[in-house]
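S.K.: What follows is a single structure, and I will ask about it in a moment.
Number of protein chains: 4
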Amino acid sequence: MMRILFSILLIGLLSPPILAQATASKTDEISGNWIFSVQFPEETETHRTSLQVADNKFTGSLGIRKIEGSISDSVITIKFLNPNGMQIATGTGKLQEGILKGEGDLSGVKFKWSARRPAVRPEGGPRTHTFTPTEFHGAFTHTIPAVLRIFPGDTVKTKSVDAYGMDENSALRAMGGNPVTGPFFIEGAMPGDTLVVKLNSVRTNRDWARSGQSIVGNALEPGYLMNLKRAQGFNSRWKLDKEKGIAYLEQPTDPLKNLTIPLQPMLGCVGVAPPAGFVIRTRDSGVFGGNMDYNQIREGTTVYLPVFYDGALLFLGDGHAAQGDGELTGAALETSMEFEFTVDVISGKSIGTPRAENAEYLISIGIGGSLDQALQRATTDLARWLEGDYKLNSTEAAIVMGFAVKYDVADLVDTQVSIVAKIPKTTLAQLKQ
Amino acid sequence: MMRILFSILLIGLLSPPILAQATASKTDEISGNWIFSVQFPEETETHRTSLQVADNKFTGSLGIRKIEGSISDSVITIKFLNPNGMQIATGTGKLQEGILKGEGDLSGVKFKWSARRPAVRPEGGPRTHTFTPTEFHGAFTHTIPAVLRIFPGDTVKTKSVDAYGMDENSALRAMGGNPVTGPFFIEGAMPGDTLVVKLNSVRTNRDWARSGQSIVGNALEPGYLMNLKRAQGFNSRWKLDKEKGIAYLEQPTDPLKNLTIPLQPMLGCVGVAPPAGFVIRTRDSGVFGGNMDYNQIREGTTVYLPVFYDGALLFLGDGHAAQGDGELTGAALETSMEFEFTVDVISGKSIGTPRAENAEYLISIGIGGSLDQALQRATTDLARWLEGDYKLNSTEAAIVMGFAVKYDVADLVDTQVSIVAKIPKTTLAQLKQ
Amino acid sequence: MMRILFSILLIGLLSPPILAQATASKTDEISGNWIFSVQFPEETETHRTSLQVADNKFTGSLGIRKIEGSISDSVITIKFLNPNGMQIATGTGKLQEGILKGEGDLSGVKFKWSARRPAVRPEGGPRTHTFTPTEFHGAFTHTIPAVLRIFPGDTVKTKSVDAYGMDENSALRAMGGNPVTGPFFIEGAMPGDTLVVKLNSVRTNRDWARSGQSIVGNALEPGYLMNLKRAQGFNSRWKLDKEKGIAYLEQPTDPLKNLTIPLQPMLGCVGVAPPAGFVIRTRDSGVFGGNMDYNQIREGTTVYLPVFYDGALLFLGDGHAAQGDGELTGAALETSMEFEFTVDVISGKSIGTPRAENAEYLISIGIGGSLDQALQRATTDLARWLEGDYKLNSTEAAIVMGFAVKYDVADLVDTQVSIVAKIPKTTLAQLKQ
Amino acid sequence: MMRILFSILLIGLLSPPILAQATASKTDEISGNWIFSVQFPEETETHRTSLQVADNKFTGSLGIRKIEGSISDSVITIKFLNPNGMQIATGTGKLQEGILKGEGDLSGVKFKWSARRPAVRPEGGPRTHTFTPTEFHGAFTHTIPAVLRIFPGDTVKTKSVDAYGMDENSALRAMGGNPVTGPFFIEGAMPGDTLVVKLNSVRTNRDWARSGQSIVGNALEPGYLMNLKRAQGFNSRWKLDKEKGIAYLEQPTDPLKNLTIPLQPMLGCVGVAPPAGFVIRTRDSGVFGGNMDYNQIREGTTVYLPVFYDGALLFLGDGHAAQGDGELTGAALETSMEFEFTVDVISGKSIGTPRAENAEYLISIGIGGSLDQALQRATTDLARWLEGDYKLNSTEAAIVMGFAVKYDVADLVDTQVSIVAKIPKTTLAQLKQ
């Protein structure tokens, strides 16, 4: 069977209420804002909630559902109600060291629940953190503990090793396959929100890179593949000259002797912890971003990602000194990077696919199993973006996209491919808002 | 069964020779250059040949095959030999009014053959022709007689009606569906050659256009389509202001009130007669070009097309005042056009898909049944282009494309879709040749 | 621009009527049923009409449009009205030797029109014709004159050469590439109808076949293709033993020494003249059928094809003695065939893709540029078939298809691929009708 | 960057050896067979090895690499060598309670390593285990502890809840989304092996099921989707009559009143722990099997899966009482099941995609992002299967598949789709082996 959401069941089918008994005190200790999680073995649901307390009873909401409960001597009784007030689950728990924690039963299925107070931003406004990574990760997942907890508005200066695991001193720091820096926990980023990652700078910090040297098979016709002879002994190591802003082959063959290419540093990987407990290796991409390998994810670009876990858990890495469309050779000019980014959170706004924005364009990144599917996702998301943020109806969105849409082939080489649909800001500036 | 080429059989299988008897005269009348065609019911093969005559006997070649024959009192006996000298067919014919013409038998299968002298360019070098079309055509096919015979180097000034058949005076001149101007017969363009069409100017010649107003279904996700509500009564007629170089909706809805878009006139259709006798309606595209709807086929761009029939038979039309990538709404800003182009022929060079070139890029246009297939064709052709014209091996081509390739989604709306792979000329300028 | 139908214009935009003047006689000569065609350069529209005559005036309908006219001394004046009575075109013509013929003007665009009396079936009911073909054709097109005119209910016994053009005596009769037998003109088959072709028998008539010997590239992974080594000198000629109903390689390699395969004769090509003037080579397929290469198009199967031209113009050929799914090796066991079929016409019922039926299944044949598109077309057509003929709503159709649909991969090797969706008749027998 | 394997690095690039010092004893405690794992943060590599001990020194191999070491007072020093003897990593560790355990350093990257003795099958030969599950899992992953450890040849009788989490008593036992039974740890199944799962019986154990009631969007044409009206209030709950072997709607609409369908119980999910640390929800599929939703995975079928983790970790569930091809409605007749299976392991044989086998066919299951990609994978694997097990060259494999291959569309509804290529055993029986 296809996907069935926990949410559906929680709203759904379930049985008559058993009213929770409740007595006594601790009122002000549980009154106010919490971050409340319900944990099933492979699925966690997290919500912001504000508990209203009267006597020893409290009420709150978890998204469209409600909770009611009582507290007595730190012992909590709780029930979960669907939108029309029907009880769907019960639980018990404790308040201990400022944390609520307990267990529950949803029609026979056991679960855990917990709540913590939202973190409070330290005084003095947004901060800049310099973070020197000591570990690098080969997977996007909520199971890796955060290396740093930051607040919306904060800036992080950090760096990444190359796709093979080598750092700016050419020292091996992790096994190959796009080891990434992070995860960064963004306080206040909750499932259903959008994480904003502005790349203030993305710069190479080493004087060499290594690239692939054959076009990936799925980008070539069968007839060409069958007769393909690959050159032996070609050396695809590149010299990076940051001063001049160029790269060139260290040992070029004769026809490539004069080739110098402009450095256009980018990050192949920007992603959050994927939804629903998935652990995805850092060579892959999806709705959570990840190894999107889009050459416009670079200095000056802002990336938008949906949040699936408390804190979002942001990973970055896989720097490329330069890359054509689609990362056609499987590996671009792979190198280590130093970069700086500022985060923000758009609360309560959910996006269906990664987005980005630079000085010129709004950008929807469609990721799918084929280029046709990726393009459908990019086009649809861009239409929805215009309909949502610019209040166009579907016909007006079609008119605008009809003359203004541009597509980029972003990534051809991974399990999922991606196509970008983008629209110039000069066009958007003309829309009456 | 899949495709089996006539050529394979002509090279192939066939039976022992019956030597043609031949006598006498007319030597200088048949000596020298001819354009020689062999016609089967649904397939025609045409070659340049040069006949060597001695006594009353002549020899020549048809591509990789050979012909031998004799002429006596204008009566010709001929035999066709495969590359290793085996006779595969015989024929008889006549020389009459400077034309050779006759019939043949290939192992029991009857065919016709004929030869004409190549046209000689009039003195005075390349000419400029002003051609005012009186008919427009709804199909790409070799069966439509040429409206003008021109020579390599010649320039044609002409115009086209819009996709609905309306001309610059808003008069209906043809039924809708991309009626095109032409065909132009280019003397000296032969099957196996490449036709060069340089678009010197492409300009709107009317003050209005009409566009589509909904995104084509295959570019959207199923979930969006299922819930799509289209606005009623939207008027997608555009005012074209050639002076200011802009277009705007004549009756915009409120959110689109301030929308003005730059005119970027282009031709949706540039194509030659398709191979193998196919008749293809002008809404479709293929290896012969056709309705490619690529927004970079515009003033300043040179289009390269493979030649499949004697004279190539060039058609042009389907002007768009402006169009985003992919012609996303099915119809762009459809309008009539005036344009000027110069033709040339690259003899003996065969390309496998349409190509183009502008000030910035070499461009391979991949056309296929899905975006994935179209991209494979574009990528492969561009690799072959680099390997052929820049003498790179496949690894060097991969290196260059790896950092420099750019893709455009050219056309999403027709039976075949297309993706363009292109490479900057600044990169190519660095390749040692 | 995408497709724009002539019909749209004819319904559409056009200008105020100029009333046709008309006088006198010839009433009974034009009264009654006609087959009426309107011909634009690349598009022909044909309708059944019945003319009502009063005095010297007549009226009739052409699909949803109307005609009105008068006749005087064999001279006809006619006007064409759209459904709400607005005049859209005018014409003049003549009645001559039982044929109406003339010219017209649609808002400036010239066209021709003509009408003929429907053929009358000879007395004695359906007939069986034995047709010995002398020519074979390499294209599906309405431009080839019919070789035989038959009536609904008639049966034809005929034969076909193999894909390489060789007949039952191994004599070459046509150039290779699926030369087909026909076209057969079916009286009464009109655009908008469905042609029914029941294959009463399909039998080999020769003792050998030749097959392909490598899997087509688009059915293989890039990695396999890159390392593929093909065996040299393999002989893929098969012996056909009709008595025993088996085939075996004439010169098998050792591992294939014991291989005998059951003869399952089928026709790779069953098609009608394609719509809109297209000429399509017989290696291709489309909405008109054609080279569908589906191994269930065999003895006992009934094929349904949409009709696009007066008489449908049916072609058949490309016999395979046996073939796995998809015609994976590009050529199946190609051989000559003798076969018998009976035709019928379903008037006024239009289908959107070829269909078939055998003892066990209703079959929708989806043809598209990718397998995904082909499957969408097959699934959609089958849903529509159930909704139309079995009066199910879309949910009921989904329920039935959900447990009963079966898919076949019909054809992998041609420009368009095809997937079949089919549903068992045992399931359909349970639907309350 | 694309995938880079740990293995490549271990074979690869690394630096000069530092010879491990080693002394003394414990010989027989470490001599002989071990299961040896090297663990990087997101990647684990496991091999069978046999340690040869002389004095206090030992040697062994890890796949193509070698290890050398010494043991002294339970303290181990170890070095890892690539195939040509170059040292690539060093480590230290301990022997404690029969387990080897330690840490290592690969050119600066830290890792853990460990070794355990292979389990020894208890006396008395293969056993049958009756396992009553108490937990069900929503993900395929190596991180879930095994519920049962079994040996090759062992049989397990167990059961599964339905896709919504309900058991045979209609009690909710887990959250919806295909909760599966397991994982079962198969002793001796190692990465690089093939796990064999023979489904001896698969039977419904409840009298009702619930199905989807609309065709999934990606299987329908855009035009159909745009106009789709879904029936309200349809009840897709089915009655299952195990006695009669049929199912029927509990509250059919009128046209479906007589519909009874044969029970053909199958398991939608059969999968092992995915490679490389991936955690994949049970609605998805991949090279590890998973939610393949192929209706021939049923009683009598043997499933073959590649092994990626020590013990394979087998999960099963998602029973369907009946299902057409592709699980077209997203949910088939979802119900709880009781089933019995026997496992085996093919040591050292690695397969690239799931395979299966029943009385009639060998079956390759191609899983990919589009049907085209899935078909390429299925076709390629089947060719490799014939080449590997039947010693055919690629041409002979093509000949056999050309007339004998059959394709099934297995799964249309999940992130990855699947197509099956299969070949009749009657054909294979004729191949000379």
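Chains as they are written, first to last, in the working numbering: chain A, 47 to 479; chain B, 47 to 479; chain C, 47 to 479; chain D, 47 to 479. The C-beta atom is built at its ideal place from N, Cα and C for all residues, glycine as well. None of these values were measured; they are calculated from a predicted model.
Terminal residues of the continuous alpha helix (DSSP H) containing C:TYR270?
M.R.: Taken as a continuous stretch (DSSP letters only), the alpha helix (DSSP H) holding C:TYR270 covers 268-272.
S.K.: Determine the chain D residues that contact B:ASN264 at a beta-carbon separation under 7 Å, and present them in chain order.
M.R.: Under the 7 Å cutoff, chain D gives PRO268.
S.K.: From this set, D:GLY394, D:LYS395 and D:ARG430, which residue's C-alpha is nearest D:ILE411's C-alpha?
M.R.: Selected option, being the one with the closest Cα: D:ARG430.
S.K.: Just to confirm before moving on: does the CB-CB distance between B:SER416 and C:SER416 stay below 8 Å?
M.R.: Yes, they are a contact pair.
S.K.: I think A:THR381 touches A:ALA255, with their Cβ atoms under 8 Å apart; what is that distance to the nearest whole Å?
M.R.: Yes, they are in contact, since the Cβ atoms of A:THR381 and A:ALA255 sit about 4 Å apart, within 8 Å.
S.K.: The alpha helix (DSSP H) with D:LEU286 in it runs from where to where?
M.R.: Premise fails: D:LEU286 lies in the beta strand (DSSP E), 283-287, not in any alpha helix (DSSP H).
S.K.: Using a beta-carbon distance cut-off of less than 8 Å, what residues from the segment 267-289 of chain D approach chain B?
M.R.: Residues passing the 8 Å Cβ filter: GLU267, PRO268, GLY269, LEU271, MET272 and LEU274.
S.K.: If distances are taken between C-alpha atoms only, which option among D:ALA475, D:PRO311 and D:ILE445 comes closest to C:SER260?
M.R.: Checking every option, the nearest Cα to that of C:SER260 belongs to D:ILE445.
S.K.: Does any residue of chain D bring its CB to less than 8 Å from the CB of A:PHE324?
M.R.: Output row for A:PHE324: interface = yes.
S.K.: Measure the alpha-carbon distance for C:ASN215 versus A:TYR270 and round it to whole angstroms.
M.R.: Using only the alpha carbons, I get a separation of about 39 Å.
S.K.: Can you check which of these residues, A:ALA185, A:THR388 and A:LYS156, is closest to A:GLY336 by C-alpha distance?
M.R.: Out of A:ALA185, A:THR388 and A:LYS156, A:ALA185 has the C-alpha closest to the C-alpha of A:GLY336.
S.K.: Can you tell me which residues form a DSSP beta bridge with D:MET212?
M.R.: Paired residue(s): D:LEU218.
S.K.: Using a threshold of 8 Å, state whether the C-beta atoms of A:GLY238 and A:GLY394 are closer than that.
M.R.: Yes, Cβ-Cβ distance for A:GLY238 and A:GLY394 is below 8 Å.
S.K.: For A:GLN422, I'd like the list of residues in its chain whose CB is within less than 8 Å of its CB, leaving aside the five on either flank, ordered along the chain.
M.R.: For A:GLN422, where only same-chain residues beyond five positions count, the Cβ hits under 8 Å are GLY412 and GLY414.
S.K.: Would C:ILE392 and C:VAL242 be called neighbours here (beta carbons separated by less than 8 Å)?
M.R.: Yes. Within cutoff.
S.K.: Taking buried to mean at least 16 other C-beta atoms within 10 Å of its own C-beta, is C:HIS175 buried or exposed?
M.R.: By the 10 Å Cβ count, C:HIS175 comes out exposed.
S.K.: Distance check for D:VAL325 and D:ASP208, CA to CA, integer angstroms please.
M.R.: Roughly 21 Å between the two C-alpha positions.
S.K.: Which parts of the segment 322-383 of chain D are runs of the beta strand (DSSP E), unbroken and 3 residues or longer, counting only runs that do not cross its ends?
M.R.: Those beta strand (DSSP E) runs which fall completely within the segment 322-383 of chain D and span 3+ residues are 335-337, 348-352 and 360-366.
S.K.: Verify the CB distance criterion: does A:ASP418 have a CB-CB separation below 8 Å to chain B?
M.R.: Yes - at least one Cβ of chain B is within 8 Å of the one on A:ASP418.
S.K.: Need the endpoints of the alpha helix (DSSP H) that A:SER440 sits in, please.
M.R.: Here the alpha helix (DSSP H) through A:SER440 covers 440-450.
S.K.: Measuring CA to CA, which of A:GLU233, A:GLU88 and A:SER440 is closest to B:LYS275?
M.R.: Among A:GLU233, A:GLU88 and A:SER440, the Cα nearest to that of B:LYS275 is on A:SER440.
S.K.: Quick one: give me the first and last residue of the alpha helix (DSSP H) that C:GLN422 is part of.
M.R.: Start and end: 417-435.
S.K.: D:LEU362 and D:GLN369 look like a contact to me (Cβ under 8 Å); what is the Cβ gap, rounded to whole Å?
M.R.: Going by Cβ atoms, the distance from D:LEU362 to D:GLN369 rounds to 16 Å, so no, they are not a contact pair.
S.K.: Which term fits C:ASP151, buried or exposed, when burial requires 16 or more other beta carbons within 10 angstroms of its beta carbon?
M.R.: The residue in question, C:ASP151, is exposed, as its Cβ has fewer than 16 Cβ neighbours within 10 Å.
S.K.: Determine, using beta carbons only, whether D:ASP371 comes closer than 8 Å to chain C.
M.R.: With 8 Å as the cut-off, D:ASP371 counts as an interface residue toward chain C.
S.K.: Please report the straight-line C-alpha distance between A:ASN541 and D:HIS188, rounded to a whole angstrom.
M.R.: The displayed coordinates of chain A run from 47 to 479. Any statement about residue 541 of chain A would go beyond what the structure contains.
S.K.: The beta strand (DSSP E) with D:LEU194 in it runs from where to where?
M.R.: 194-196 is the span of the beta strand (DSSP E), which, as asked, contains D:LEU194.
S.K.: Nearest-angstrom Cα distance between B:GLY258 and A:ILE465?
M.R.: Rounded to whole angstroms, B:GLY258 to A:ILE465 spans 23 Å at the Cα level.
S.K.: Could you tell me whether any non-hydrogen atom of the ligand SAH is closer than 7 Å to the CB of A:VAL353?
M.R.: For the structure depicted, the ligand SAH is absent and the ligand set is empty, with no information on it obtainable.
S.K.: Is there a Cβ from chain A that is less than 8 Å from the Cβ of D:GLU114?
M.R.: No, its Cβ sits nowhere closer than 8 Å to a Cβ of chain A.
S.K.: Closest Cβ-Cβ distance between D:ARG423 and chain A: below 8 Å?
M.R.: So, not an interface residue.
S.K.: Counting only beta-carbon separations shorter than 8 Å, does D:GLU403 have a partner in chain A?
M.R.: Judged by the 8 Å Cβ criterion, D:GLU403 is not in contact with chain A.
S.K.: Where are the beta strand (DSSP E) runs, 3 residues long or more, that stay fully inside the segment 125-172 of chain C, in chain order?
M.R.: Qualifying beta strand (DSSP E) stretches, in chain order: 133-142, 145-152 and 155-162.
S.K.: When you compare each of A:LEU458, A:ARG167, A:LEU305 and A:ILE307 to A:SER331 by their alpha carbons, which one comes out closest?
M.R.: It is A:LEU458 whose Cα lies nearest to the Cα of A:SER331.
S.K.: Which bits of chain D does A:PRO87 rub up against, with CB to CB less than 9 Å?
M.R.: What A:PRO87 touches in chain D: GLU181, PHE182, HIS183, GLY184, ALA185, ILE190, ALA220, MET221 and PRO225.
S.K.: Can you check whether the C-beta of A:TYR453 is within less than 8 Å of a C-beta belonging to chain B?
M.R.: With 8 Å as the cut-off, A:TYR453 counts as an interface residue toward chain B.
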